[in-house]
Each structure stands twice: as structure tokens, then as C-alpha cells.
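With my numbering as the guide, the letters of the first sequence map in order to residues -3 to 567.
Beneath this line is the structure, given in C-alpha cells, with notes to follow.
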Amino acid sequence: MIREQLRGLIQNALHSLNLEEEIVELEQTTDPLHGDYATNVALMYAKKAGLNPRELAQRITEELSRAPSSDIEKIEIAGPGFINFRLSDEYFSGALDNALKKSKKWGNNETLAGKKVIVEYADPNPFKEFHIGHLMSNTIGESIARIIEASGADTKRACYQGDVGMHVAKAVWGMIWIPNESGKPKKPSDDASLQKKISFIAESYAFGATAFEANPSVKEQIAGINKNIYSREGPQTNEIYDWGRKVSLDYFETIYKKLGTKFDFNFFESQTGEFGKKVVLENPAIFEKSDGAIVYKGDESKGLHTRVFINSEGLPTYESKELGLAKIKYDIYPYDTSIVITGNEVNDYFRVILDAMSKVFPELAKKTVHISHGMLRLPSGKMSSRTGDVITAESLIADTKERALAKISQEAFLQGEKDILAEKVALGAIKYSILKQASGKDIIFDFEQSLSFEGDSGPYLQYTYARTRSLLEKAKGRDIDVLFKRTETNALHKVILHFPEIVLRANEEREPHFIATYLIELAREFNSFYAHTIVLNDAPDEPHKLALVKAVSQTLENGLNLLGISAPERM
RNA sequence: GCGCCCGUAGCUCAAUGGAUAGAGUACUUGGCUUCGAACCAAGGGGUUGGGGGUUCGAUCCCCUCCGGGCGCACCA
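Written out as C-alpha cells, the structure reads:
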């Protein structure tokens, strides 16, 4: 890669000036006035060299020009002492040619080659809704998994679902006791729609959760059900539990399919709980008894809390389940890195879990990385499934799809195609709105603002892609050639070539938004080019223009794929 | 109260310690008889929450204050 080549040249130059460089910073510039790459080494090492920055830059430049390269056209000193590299047209042609040859692999790298990585995300709870917060986790997780995959890792996707615990007990209690107007059992019949069954479970949960807080005797009953679910000692609870669990899981599958996620592993709390409890009990030196519970005493000076791992009922909590999960995952898939993606509300718990893990499974703790994302909040405030104030992923997708349908021109598509396309566009809008910003921060989710189809949006990228496809379709049979009769390397050409470095950075920082913002820049550059240039005009530079269009098309396709957004050929 | 995160244009967000802090949106205007107008072009809009410090250079690092979010023992 050109970056490494330049870095090497700078290092050599510094060496010959007897400067022991520690860091060579090399920046890909955005302003064409600053060339294509710039380094600040002269500013950094001026003091050490006993020269003023511009003098040092002069010396370095002299050293650099001793070994001319056909890739470099010009080296300039600018501003306070930056050294700017302008690359040659020859380099740009070769690089574009290379991009086209790589095709679907354009942008990929090998930084994680040979590594096994498992990525866990989404983590919805059976018996509760799959709401827009899960949608956020799924969108970010899927994109991170794809970026890691594109960096050469053997990647597995995992979903961890809370099929036991108090929330389940509340829902089960609700399903048994929820009244209906005619006094008959409210549970939908087996041939009822999945949607109907899911609504029943959600209502039951809300009913149970409210009663739990309002009525101490209900609280006791629910605690009893909770125990029965773990031990499977109640025939009535078992039956309704098994029914609800299956309905929930079937329902989630339909959502994953829609979202384009395929999990390699499903883990359940019913499984991690038992094992996690065993691990905790086997390590009495690490976990101690306190008020009838078993806790891990976090080091307060490091800001760690004391957390309950096994409650006084003898049941494992979230913490010991997570501990067990790390090992269960490893036994199935011996990972080099395990990435767990959750909302940031569990940050402090996770720090305690990792601290405990560093004592129980030190080698696994080192391999575990917790990534948290912000909350998806509504302008009205926080969602609550207890009060029924939630937006489910399905309803959001359905509403957005309606709006997309309204924009699709009537005559151009068959009815079936139209529906599929509207869903792609809707998901593109939703996913992009989540991925366009740094994932650690909360997103204030406003329908009008967030789900735009214009400007800084998913559909803008999809539209641009469809445009390139349509143009390439019309150009069938014509020559495509990066070199032929090119006048000069334009801005679009350069932006295309930034792609691999963007993917590299997104992988290093595990931040999909670098790709999202880059694709917008690329699309904008292309649309501007498109508005000012007639591509198919039989002019001598037509083959080169077509090469640019093709490269933009491929870059958008690959980039959208990394975001988990589909790229329709027409829209 | 303690800990972690955040504060950038009216709004939603970018910016690898670098050069003149950028996009979208909204608003005002212009462009479809040329390859797709979900597009393009132009315009105004900023004490980067306040104050101090480190640095050749700070939106970014440190301190402090203000404002917001999340968490702080048997829910996940």
C-alpha cells in the first residue's frame, strides 16, 4: 500500500539525518491544496533536531528526493512545516486498475487473517418485544461483524437470549392470570398468527410487571414461578413457558431474516446460568457470601462495584451467566477475540464481570472486548415495555416501508418487486440513521429527521448505486479502460481510492460510521461529477470515465455491504 | 454523593493533536427536450457549554465549574 511506502521513505530520510523516529504520522489529506498525503514529522522533531520546522522539512525533502519514485509527482513544504506528497497520475491509474480487478474484494484487508473472532449482538429477550433498541444493537453488530470478516478473520455471529429470569417469570405469570372481557382463556389458539401470539405475550408481560410492583403477594408468586422455570418443577408453568419461548424465538427468526443477519450460534441464559453458577461455586476464594447471596467484591478504588453473582434464592444473576457464557463460547469456538456488543447501560456491570473473569478465566478475559452503543431514545423520552410505551422494530420498519412505497414510481415495477424494494429502502434508511454516527452515543430518534430518504441518508447511497448500475447497463459493449486518453486525475478518482484505508480504520476502531460518512462523500462526489460530465459521449476519454463509474459502483456495493445495507440495481 | 459517558451551525451529526472546524436538514434562489431530479449548483448561518493549563499548534489531552445521560446488591 502506498501509505507504507511513503512511511518507509520518510523513516529512511529521518535516519539519514540521524533522527531516531518514534512515530511517523502520515495523513491522507482532504484538501487538494495539501497534496494527497501529508506528514508532520518536521514539526514533531524540529526541537530534537535543533532546527526550526521549515528548515528541518527542507532537509527531509532533500533526503527524500535522493530516491525518486514514479508514484510520487511532487513533494512540497507548506504552512508551518508540513511535507505534502502529491502522487503521480501513473500511480492513480495503477491503483484504480487494481481496485477494479479486486472487484468484490476491493477494500478488504488481511489484518485479521487467521484469527477467530466471535461477535455477539442483538440479544433480545424471549417473552419481550424486539424493539428499536435491539434493532440498533443488531445493526451495529452486523456491520462490525462484516467489517471484521472483510479484514480476514474467521467470523462467527452469536446471539444470547434471556430465556430465564424475572422478566420471563413476570410474562408467564401474566399469561396465566391476564383477564379478558368474556372470562375465557386469552391465550391465542395454535393456528392464530405469530403476530397475535406475540402481542398476547407482550400484553401479559406488561400485566405481570405492573402487578409485580403493585402487589406483594404477586411478587411472591412470580418469584416462585421464576424458581420453577429454572428447575422445571411446575407442569403448568412448563407448558406455558415452552409455548411462549417457542413463539418468541420463531418471531425473532423472522426479524433476523428481514434484517439480513444469520447467527451461527444461539446461546440461552437457561444454559449459561447453570454453568455460570457452577463456576462461581467452584471459586469460593474469589466469590464470597454476603447476606445470603454470593457476591464479587469489586475494587472500589478502581471504580468497580460489588455485584451479586448468585442471589439469596440460589439463582445465578446476569453476572454469573455472562461469566459462564465466555467459557461456553470458547468451548464451542476457540476464539482469539470475543466481542460482546450491548447498550451502554451495562457498562459498569461489564467492568466488574471482566474483573472477575480475569481471576477465573484470565486467558478469556484478555480476549474479551466489550463494545457498548448508546441508547435509541425518542424525543418523548425513554421506552418502557412495562407501560407498553415501546416502538417495536417491526412497526418501525412497516411505517418506513409505507413512506418508501409512496416514493417509488408506479409504472416501473411489478407489484412484488415494489414491495421488496420498499423494504430494502426502508431498512437502508433505518440502518444508515443508526450507523452514520459514532456508535457510543445516544441517538435521538425522530421519525422525520432520522428516516430521511434524501441527503445524508441510506437511500441517497442506494440511489447513487442504482444510478451507476443503470449507466453501466447502457454502456454495455463499450470500452472501459483506466488509462485510455485520460486528461488528469480528478477528485472523484482520488476519493474512490481512499476506500481501503477507511475500512482499515473502521476495523481498528470497530466503528462502522467511518464507512458510512465515507460513502456519503463518495456518492456526493460522484453525483456532482455526474451532473457536470456526460459519460457516454463517444469522446476519447469515455473509457476512462466508465472506469470511474464502474469503480464507484463497486465501492458503493462493497461499502453498503459492510454496513449491512442492500444495494438495489434499480429503485 | 461517587463512578463512567456526552456537550460543535436553528435541528441531526462529522472532523487521526495540525493548515481556512465540515456535511445533511431547514430557509432563500437557480437547473429536468442530453446517460435516473431520492439529484446538482449558489447563499447566509460558529466565542466547538464557561474558565484555566499543557503544546510550535487544542473541538480533541489535563484541571475546574455549568448542563444532560447512564450506573451505583440480589432485574437483564
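In this text, a Cβ means the ideal position worked out from N, Cα and C, and glycines have one as well.
Where Lys193 falls, given that 16 or more other Cβ within 10 Å makes a residue buried:
When all chains shown are included, Lys193 counts as buried.
If we require 4 or more residues per run, which alpha helix (DSSP H) segments fall completely within the region 247 to 317?
Fully enclosed alpha helix (DSSP H) runs of no fewer than 4 residues occupy 265 to 277 of the region 247 to 317, in order along the chain.
Report yes or no: do three or more beta-carbon pairs, one from the region 139 to 154 and one from the region 98 to 115, lie closer than 8 Å?
Taking 8 Å as the limit for Cβ pairs, the verdict is that the region 98 to 115 does touch the region 139 to 154.
Quick check: is any heavy atom of the ligand PLP less than 8 Å from the C-beta of Tyr329?
With respect to the ligand PLP, the structure shown offers nothing to examine, as it has no ligands at all.
Just list the residues that DSSP pairs Gly339 with in beta bridges.
Residue pairing of Gly339 in beta bridges, as defined by DSSP: His369.
Between Ala471 and the rest of its own chain, which residues show a CB-CB distance below 8 Å, the 5 nearest in sequence each way excluded?
So the qualifying residues of the chain are Val531, Leu532, Leu542, Val545.
Got a sec, what are the start and stop residues for the alpha helix (DSSP H) Leu10 sits in?
Counting along the chain, Leu10 sits inside the alpha helix (DSSP H) bounded by residues -2 to 12.
Whole angstroms is fine: what's the gap from Lys568's alpha carbon to Glu444's?
Residue 568 lies beyond the stretch modelled for the chain, which goes from -3 to 567, so this question has no answer here.
What whole-angstrom Cβ distance do Ile225 and Ala167 have, given they're in contact under 8 Å?
The Cβ separation is near 10 Å, so there is no contact.
Whether Ile639 touches Met567 by CB criterion (9 Å):
It is not possible to answer for residue 639, since the shown part of the chain is limited to -3 through 567.
Locate the alpha helix (DSSP H) running through Tyr226, then write down its first and last residues.
Bounds of the alpha helix (DSSP H) holding Tyr226 are 212 to 227.
In the DSSP assignment, the alpha helix (DSSP H) including Ile79 goes from what residue to what residue?
Element bounds for Ile79: not the alpha helix (DSSP H) but the beta strand (DSSP E), 78 to 83.
Alpha carbon of Leu558 to alpha carbon of Ala535, nearest angstrom
Here the alpha carbon of Leu558 sits roughly 35 Å from the alpha carbon of Ala535.
From Arg465 to Ser524, what does the alpha carbon distance come to, in whole angstroms?
Distance between Arg465 and Ser524, taken at the CA atoms: about 17 Å.
Nearest by alpha-carbon distance to Leu131: which of Leu372, Ala154, Asp93 is it?
It is Leu372.
Give the straight-line distance between the Cα atoms of Ile19 and Asn94, rounded to the nearest whole angstrom.
Cα to Cα, Ile19 sits roughly 29 Å from Asn94.
Beta-carbon spacing of Phe248, Gln157 below 9 Å
Contact flag set, yes.
DSSP on Asp186, reduced to helix/strand/coil?
Three-state result, Asp186: coil.
Between Pro312 and the rest of its own chain, which residues show a CB-CB distance below 6 Å, the 5 nearest in sequence each way excluded?
Around Pro312: Gly269, Gly272, Lys273, Ile306.
By Cβ distance below 8 Å, which residues in the same chain neighbour Ile439 in space, the five residues on each side in sequence not counted?
Cβ within range, chain order: Met132, Gly370, Met371, Leu372, Arg373, Ser429, Ile430, Gln433, Ser446.
Exposed or buried, Thr26, counting other C-beta atoms within 10 Å across all chains shown (16 or more means buried)?
Classification for Thr26: exposed.
N- and C-terminal bounds of the alpha helix (DSSP H) containing Arg50
Arg50 -> alpha helix (DSSP H) spans 49 to 60.
Just the C-alpha distance for Leu552 and His509, rounded to the nearest angstrom, thanks.
Each residue's Cα considered, the two are about 15 Å apart.
Could you check how far apart the C-beta atoms of Tyr329 and Lys112 are, in whole angstroms? I think they sit under 8 Å.
The pair is a contact, with the Cβ atoms about 7 Å apart (cut-off 8 Å).
Looking at the secondary structure, which residues open and close the alpha helix (DSSP H) in which Ala422 lies?
In this chain, the alpha helix (DSSP H) harbouring Ala422 covers 411 to 431.
Work out the CA separation of Gly299 and Glu521 for me, nearest whole Å.
Cα atoms of Glu521 and Gly299: separation of roughly 47 Å, rounded to the nearest angstrom.
Alpha-carbon to alpha-carbon, Gly339 and Met162:
About 20 Å.
Would you call the region 485 to 497 and the region 413 to 423 touching, i.e. three or more CB-CB distances under 8 Å?
Between the region 485 to 497 and the region 413 to 423 there are fewer than three C-beta pairs closer than 8 Å, too few to call the two in contact.
List the endpoints of the continuous alpha helix (DSSP H) containing Asp395.
Unbroken alpha helix (DSSP H) run through Asp395: 389 to 403.
For Asp238 and Ala205, I'd like the C-alpha separation in whole angstroms.
For the pair Asp238 and Ala205, the Cα-to-Cα distance works out to about 20 Å.
Integer-rounded CB distance, given that Tyr456 should sit under 8 Å from Ala402:
Contact flag wrong, Cβ pair sits at about 17 Å.
Nearest residue (CA-CA) to Leu423, options Glu265, Ala389, Ser435, Val356:
Taking only the C-alpha atoms, the option nearest Leu423 is Ala389.
My understanding is that Leu13 touches Ala45, with C-beta atoms under 8 Å, so please give their C-beta distance in whole angstroms.
Distance from Leu13 to Ala45 at the Cβ level is roughly 7 Å; contact confirmed, criterion being Cβ atoms closer than 8 Å.
If you count every other CB in all the chains shown that lies within 10 Å of the CB of Asp287, and 16 or more means buried, which is it?
By the 10 Å Cβ count, Asp287 comes out exposed.
Check whether the Cβ atoms of Gly77 and Leu39 sit closer than 9 Å, and answer yes or no.
Yes. Within cutoff.
Contact check, Tyr292 vs Thr302 under 8 Å by CB: the rounded distance?
About 7 Å; that satisfies the 8 Å criterion.
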